[in-house]
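K.L.:
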Amino acid sequence: MNRERLMKMAGSVRTGGKGTVRRKKKAVHKTTTTDDKRLQSTLKRIGVNAIPAIEEVNIFKDDVVIQFLNPKVQASIAANTWVVSGSPQTKKLQDILPGIINQLGPDNLDNLRKLAEQFQKQAPGAATGSGATVTQDDDDDEVPELVPGETFEAAAEEGQATQATQAP
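Numbering-wise, the UniProt record's numbering puts 30 at position 30 of the sequence shown, and it's gapless, one number per residue.
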């Protein structure tokens, strides 16, 4: 091999400056684990305590709700620190509205009024557009009325009798 080619190859594998060890690939440092460890050590120093038996946490932000189901909640009241960890789901307020009305405070009263106005605007348009189909759909939801004189036992006996006559 010629000397120029060897110098080129040697220069490409050196990751540091002059006098450093030659490496074939650059080592990638994982910072996420160190950040997590640093956060946990800071929380331990503050003195957070785990709060058990919390089923869900809802964080209201504009028209969006960030919802945590079965989160791990830690708190330090002295340090005014609350930690909610878990997998979040971002949902619209109207998607989870019936279940969280009792959780809404006075600051979300305006959002609730806006939603009520939107539903009122949508309701008259839907009723005038297809009123006949709505009544037909409502009829399908009801339990059908029984035919007088017929019972399940009588129908089963008739079915068995017709099968017995058709069998031979």
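No residue lacks a Cβ here, since even glycine has one placed at the ideal position from N, Cα and C.
Quick check: the Cα distance between LYS37 and LEU115, rounded to an integer number of angstroms?
P.N.:
Cα to Cα, LYS37 sits roughly 43 Å from LEU115.
K.L.:
Tell me which residue opens and which closes the beta strand (DSSP E) that LYS18 is part of.
P.N.:
Premise fails: LYS18 is in no beta strand (DSSP E) and is neither H nor E.
K.L.:
Identify which residue in ILE66, GLN67, LEU69 and SER85 has its Cα closest to the Cα of ALA75.
P.N.:
The shortest Cα separation from ALA75 among ILE66, GLN67, LEU69 and SER85 belongs to SER85.
K.L.:
Suppose you measure from the CA of GLY129 to the CA of GLU55; what does that come to, to the nearest Å?
P.N.:
Residue placement at GLY129 cannot be trusted, given a pLDDT of 47 that sits under 50; what the coordinates show is reported in the next sentence. Straight-line Cα distance between these residues: approximately 42 Å.
K.L.:
Is PRO88 near GLN67, with beta carbons less than 9 Å apart?
P.N.:
Cβ distance < 9 Å, so PRO88 and GLN67 count as in contact.
K.L.:
What does the alpha-carbon distance come out to for the pair ALA79 and ASN49?
P.N.:
Going by the C-alpha atoms only, they are around 12 Å apart.
K.L.:
Compare the beta carbon distance of ASN111 and PHE60 with 9 Å and say whether it is the shorter of the two.
P.N.:
Result yes, Cβ atoms of ASN111 and PHE60 sit closer than 9 Å.
K.L.:
Checking 9 Å against the spacing of the C-beta atoms, do ILE101 and ASN58 come in under that value?
P.N.:
Not a contact, by the Cβ cut-off of 9 Å.
K.L.:
Is the separation between the beta-carbon of ASP63 and that of LEU93 shorter than 9 Å?
P.N.:
In contact: ASP63 and LEU93 (Cβ atoms closer than 9 Å).
K.L.:
By how many angstroms is the C-alpha of PRO98 removed from the C-alpha of THR42?
P.N.:
If you take the alpha carbons of THR42 and PRO98, they lie about 38 Å apart.
K.L.:
For residue 174, count the other beta carbons within 10 Å of its own beta carbon; 16 or more makes it buried, fewer makes it exposed. Which is it?
P.N.:
No information on residue 174 is available, as it lies outside the stretch 1 to 168 that the chain covers here.
K.L.:
Between the alpha carbons of LEU104 and ARG113, how many angstroms are there, rounded?
P.N.:
One C-alpha to the other measures close to 12 Å.
K.L.:
Quick check: what's the CA-CA separation for GLY159 versus GLU150?
P.N.:
For GLY159 and GLU150, the distance between alpha carbons rounds to 13 Å.
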